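Note that the protein sequences, when read in sequence, are chains A and B. For the first sequence, counting from 1, position 90 maps to 79 in this note's numbering; every step adds exactly one. For the second sequence, counting from 1, position 129 maps to 123 in this note's numbering; every step adds exactly one. A virtual CB, placed ideally from N, CA and C, is assigned to each residue, including glycine. Since the structure is predicted, the reported quantities are computational estimates derived from the model, not experimental observations.
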Amino acid sequence: MMERSVVRITINGELVEALVEPRKLLADFIREDAGLTGTHLGCEHGVCGACTILLDGVAVRSCLLFAPQAEGREVRTVESLAARDGTLHPLQRAFHETHALQCGFCTPGFLISVLSSFEQHGPPADDHEIRELLSGNICRCTGYHNIVAAVRLYRDRLAATA
Amino acid sequence: MKPPRFEYHAPSTLAEALGLLDEHGDEAKVLAGGQSLVPLMNFRLARPDRVVDLNGVAELAGLREEDGGLLIGAMTRTAALETSPSVAARAPLLRDAVRFVGHFQIRNRGTVGGSVAHADPAAELPAAFLALGATFTAASKSGTRTIAADDFFWGHFTTALQADEILTEIRVPATAGRGYGFAELARRPGDFALGGVACVLGEAPRVVAFGLVARPVRLASAETQAAGGATADGVRRAVTEEVQGLDATSDLHAGGDYRKLLAAELAGRAYAQARERAAA
């Protein structure tokens, strides 16, 4: 089926259906067909991490999947983090407060990666583990210090409210 | 940067997948986790006419203990090796090695069989399986065969697998109680290694270097030294001599001479770690 086919993917709780070629990357499906442009494409070969999304709850690179591979599955993107009234997710608030972004291009990938890692591996114990957690995402502005600080702040607030 | 056009097949059984390969031969490429193939397609370095996606073939996924060792389905996600109690009990070398494979987002999608079949010379899992003396099962429409890890890795991205074959499972023999060690050096966590060594002791010790030449290689001198109960320095010296004549990989990340030094040093470290564990 080099021909286009209908692909249906649930993105942030809403079913998105589009007629696409099999070579369409999931990242492009999310941006072009679902109109959700929060997921960014940096390197398009799995290195930079900007396109990281959750596929059935697990963090993966959306530039390394073809859209038909996500047929019938659940995708979550950065747009699902803030409340509908614009209230930021606690992790977004931590990024905001610690100046953990400058141009912001990489931020969606960082946010998804951090949330997913907390879920999958538990909160990082120390700065070394935070840096390890962040190592699959590249930021060219911040020098990472403030991103590490944001994750620390988010972790400590989570622990305080637990 | 977008992949070239291809026809997409999503079989739900191994038989169906093998039928597709039999029919289309070299035109078809098997897609596992896609963490190596899809970048190559995005760069248009790989341009398969057909992609046979194994992600829907449930029978290829999952791992279990067998005969005191492990039986690992080729489509088992790399991340499963990190947390599986069976891996920790039966082949803890894999648990140590897998932490160096890419980043967690890559391990969530990448597969154990995909790493083996792709055979990147700097990849951790092929070296670990070679050190463990694993065997690989390859299936084609005409039947199945098993290939020892020693005979499987031929060179850069080249293995004993034929175009109509699919790697279906990996058998890791029992090595419980034996000392094991793993050491690698990369510029950043998650990068491909500049070099690394995996080591499993016992009656016939196996010491494997990766990132050194075009495929993971056993270091005979280190194995002889290890069998004789040498010190880590003895292993370093022996490997230093053994690798002299090798045509080591040289690229922008590191020269061949550096990679040889690295192999000797890391062989010493992996062996020291293995000895400590064997004594414990």
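Only those residues of the region 84 to 103 of chain B whose C-beta falls short of 8 Å from the nearest C-beta of chain A are listed: Gly96, His97, Phe98, Gln99, Ile100, Asn102 and Arg103.
Between Ala122/B and Val202/B, the gap from beta carbon to beta carbon is short of 9 Å. In the three-state DSSP reduction, Phe55/A falls in the strand class (E or B). Residues of the region 80 to 106 of chain A with a C-beta less than 7 Å from any C-beta of chain B: Ser102 and Ser106, listed in chain order. For Lys254/B, there is no enclosing beta strand (DSSP E); the residue is part of the alpha helix (DSSP H) that begins and ends at Gly250 to Ala273. Of all C-beta pairs linking the region 170 to 189 of chain B to the region 145 to 162 of chain B, fewer than three are shorter than 8 Å, placing the two stretches out of contact. Between Val233/B and the set Thr218/B, Gln29/B and Gly67/B, the nearest pair of CA atoms involves Thr218/B. Identification of residues in the region 42 to 68 of chain A having a C-beta nearer than 9 Å to some C-beta of chain B yields Leu44, Val47, Ala48, Val49, Arg50, Cys52, Leu53, Leu54, Phe55, Pro57, Gln58 and Glu60, given in sequence order.
Between Gln267/B and chain A, the shortest Cβ-Cβ separation is not below 9 Å. It is roughly 17 Å from the alpha-carbon of Ala26/B to the alpha-carbon of Lys13/A. Any Cβ of chain B closer than 9 Å to the Cβ of Pro112/A would place that residue at the interface, and such an atom is absent. Contact of Val51/B with chain A is not assigned, every C-beta pair being separated by 9 Å or more.
Around Gly50/B, the same chain offers Ala4, Pro5 and Ser6 as residues with beta carbons nearer than 7 Å, after the five sequence neighbours per side are excluded.
For Thr28/A, the secondary structure class from DSSP, reduced to helix, strand or coil, is coil. Secondary structure at Val95/B: coil, using DSSP grouped into helix, strand and coil. The residues Ala154, in chain order, have a CB closer than 7 Å to that of Asp145/B in the same chain once the five nearest residues on each side in sequence are set aside. Under a criterion of Cβ atoms nearer than 8 Å, no residue of chain A is adjacent to Asp114/B; the nearest Cβ is some 14 Å distant.
The C-alpha of Ala148/A is placed about 17 Å away from the C-alpha of Phe84/A.
For the region 180 to 195 of chain B, the residues whose beta carbon sits under 7 Å from a beta carbon of chain A are, in order, Arg182, Pro183 and Gly184. Leu30/A places its beta carbon 9 Å or farther from that of Asp22/A. Contact annotation for Val32/B against chain A: Leu14, His34, Gly35, Arg50, Cys52, Leu53, Leu54 and Phe55 [CB-CB distance below 9 Å, chain order]. The DSSP-derived three-state label of Ile136/A is helix. Taking 9 Å as the upper bound on Cβ-Cβ separation, chain B lies near residues Glu10, Pro11 and Arg12 of the region 0 to 12 of chain A.
Pairing Gly223/B with Thr169/B gives a Cβ-Cβ distance that is not under 9 Å.
In this structure, Val110/B and Ile160/B do not form a Cβ contact; the two beta carbons are roughly 12 Å apart against a cut-off of 8 Å. A distance below 8 Å between beta-carbons, with the five flanking residues on each side excluded, links Leu25/A to the following residues of its chain, in chain order: Ile0, Asn1, Ile19, Thr66 and Glu68.
The residue from Pro33/B, Lys(-4)/B and Val46/B with its alpha-carbon nearest to that of Leu14/B is Val46/B. DSSP, reduced to helix, strand and coil, places Val211/B within a strand of the structure shown.
Residue state for Glu10/A is assigned as coil, using DSSP reduced to three classes. With respect to Phe55/A, Leu8/A sits apart: the two C-beta atoms are not nearer than 9 Å.
Excluding sequence positions up to five before and after Arg41/B, its CB lies within less than 7 Å of the CB of Pro(-2), all in the same chain and listed in chain order. Around the Cβ of Leu39/B, a 10 Å sphere holds fewer than 16 other Cβ atoms; the residue is exposed. The region 254 to 274 of chain B and the region 203 to 215 of chain B touch, with three or more beta-carbon pairs separated by less than 8 Å. Taken through DSSP and simplified to helix, strand or coil, Ala203/B comes out as strand. Linking Glu121/A to Pro183/B through their CA atoms gives a straight-line distance of about 7 Å. Sorting Ala48/A, Val(-5)/A and Arg(-3)/A by C-alpha distance to the C-alpha of Pro97/A places Ala48/A at the top.
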